[in-house]
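So the protein sequences, as listed, match chains A and B.
Here the working numbering is used: the first residue of the first sequence is 1, the next is one more, and so on.
Here the working numbering is used: the first residue of the second sequence is 1001, the next is one more, and so on.
We put the beta carbon where it would ideally sit given N, CA and C, even for glycine.
What follows is a short report on a single structure.
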Amino acid sequence: ELKVEQNPLFLSMQEGKNYTIYCNYSTTSDRLYWYRQDPGKSLESLFVLLSNGAVKQEGRLMASLDTKARLSTLHITAAVHDLSATYFCAVAVISSGSARQLTFGSGTQLTVLP
Amino acid sequence: NAGVTQTPKFRVLKTGQSMTLLCAQDMNHEYMYWYRQDPGMGLRLIHYSVGEGTTAKGEVPDGYNVSRLKKQNFLLGLESAAPSQTSVYFCASSAWTGSMNTEAFFGQGTRLTVV
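Take a look at the structure:
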């Protein structure tokens, strides 16, 4: 059974600081996704990481994937209040035949303080 | 551009009542998914479908049934609602192109309370 673990689950940080969210998963996968969710809202896709060593950046967020270590990171640079949200990683695995399922981590609730 | 649309957005049910949640997507995606989201547990997969007329069980399928009679629609049914099914339900869809798979696009969610 695939397990996807994120840490930390809760993160409170000052504006302007840097921090990293970690996503570990327990089985082989060649693609990983990061999503953002604002309170009471749906999930918004941030990054799709498709291969080992993939790195993607958008604004103050940078995501990377190490498939050998089964680890993805989401790095936050010089945090601003607008980044306050819950961040999920999700791992795609092949279930039956070639069907793919997405399994989510528990989420990291990020609060950026002024 | 509607994307993924869920109906209804909110619902309160009494224990034992039944209901159907509707998910519609206009992106011609093959894959559709139903998840439930509970505090501190992320999203858990209930059922999914890889194409019209096909369905499969996910991580937490008990107490739910699904149907995919048309490619654009994926229905989630609760035959006899229980308080443990109080949750926020999300539908998602994704494409399937050869060996690649895009990310899943999510609906706005349905907040269901069973009393």
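Below-8 Å beta-carbon distance, residue i vs any chain A residue
i: N1109/B; result: One detail in the question is off: residue 1109/B reads as Gly in this sequence, not Asn. Closer than 8 Å: yes.
i: Y1064/B; result: no
i: Y1089/B; result: no
i: F1010/B; result: no
i: F1106/B; result: yes
DSSP-derived helix/strand/coil call for residue i
i: L9/A; result: coil
i: H75/A; result: strand
i: H1047/B; result: strand
i: D82/A; result: helix
i: S1067/B; result: strand
i: S1084/B; result: helix
i: Q1072/B; result: coil
i: V112/A; result: strand
i: E44/A; result: strand
i: G1077/B; result: strand
i: V1012/B; result: strand
i: Q1037/B; result: strand
i: E15/A; result: coil
i: K3/A; result: coil
Contact with chain B by residue i, beta-carbon distance below 8 Å
i: Q14/A; result: no
i: Q101/A; result: yes
i: F88/A; result: yes
i: S26/A; result: no
i: F10/A; result: no
i: Y19/A; result: no
i: Y123/A; result: Here chain A has residues from 1 to 114 only, and residue 123/A is not among them.
i: L106/A; result: The sequence given here has Ser at residue 106/A, not Leu. It does; some Cβ of chain B falls within 8 Å.
Residue i, buried or exposed, once every other Cβ within 10 Å from all chains shown has been counted against 16
i: Q101/A; result: buried
i: T115/A; result: Residue 115/A lies beyond the stretch modelled for chain A, which goes from 1 to 114, so this question has no answer here.
i: E5/A; result: exposed
i: E58/A; result: exposed
i: F10/A; result: exposed
i: A1024/B; result: buried
i: I1046/B; result: buried
CB contact check: residue i to chain C, cutoff 8 Å
i: T86/A; result: Among the chains of the structure shown, chain C does not appear; the protein chains present are A and B.
Between the segment 1103–1115 of chain B and the segment 1006–1013 of chain B, do three or more beta carbon pairs fall short of 8 Å? Put simply, the segment 1103–1115 of chain B touches the segment 1006–1013 of chain B. At least three CB pairs are less than 8 Å apart.
Do three or more CB pairs link the segment 78–93 of chain A to the segment 33–49 of chain A at distances below 8 Å? yes
Could you check whether the segment 1067–1084 of chain B touches the segment 1014–1024 of chain B, counting it as contact only if at least three pairs of C-beta atoms, one from each stretch, sit closer than 8 Å? yes
Chain-ordered residues of the segment 1040–1058 of chain B with a beta carbon less than 8 Å from chain A: G1040, M1041, G1042, L1043, R1044, L1045, Y1048, V1050, A1056, G1058
Check each residue of the segment 41–58 of chain A: if its Cβ is closer than 7 Å to any Cβ of chain B, include it; give the result in chain order. S42, L43, S45, V48
The segment 14–26 of chain A touching the segment 67–83 of chain A, judged by at least three CB pairs closer than 8 Å: Because the criterion of three Cβ pairs below 8 Å is met, the segment 14–26 of chain A and the segment 67–83 of chain A touch.
Listed in chain order, which residues of the segment 1065–1085 of chain B have Cβ atoms closer than 9 Å to some Cβ of chain A? Against chain A - using a Cβ distance shorter than 9 Å - the segment 1065–1085 of chain B contributes no residues.
So, does the segment 1020–1034 of chain B touch the segment 1050–1067 of chain B, judging by three or more C-beta pairs under 8 Å? yes
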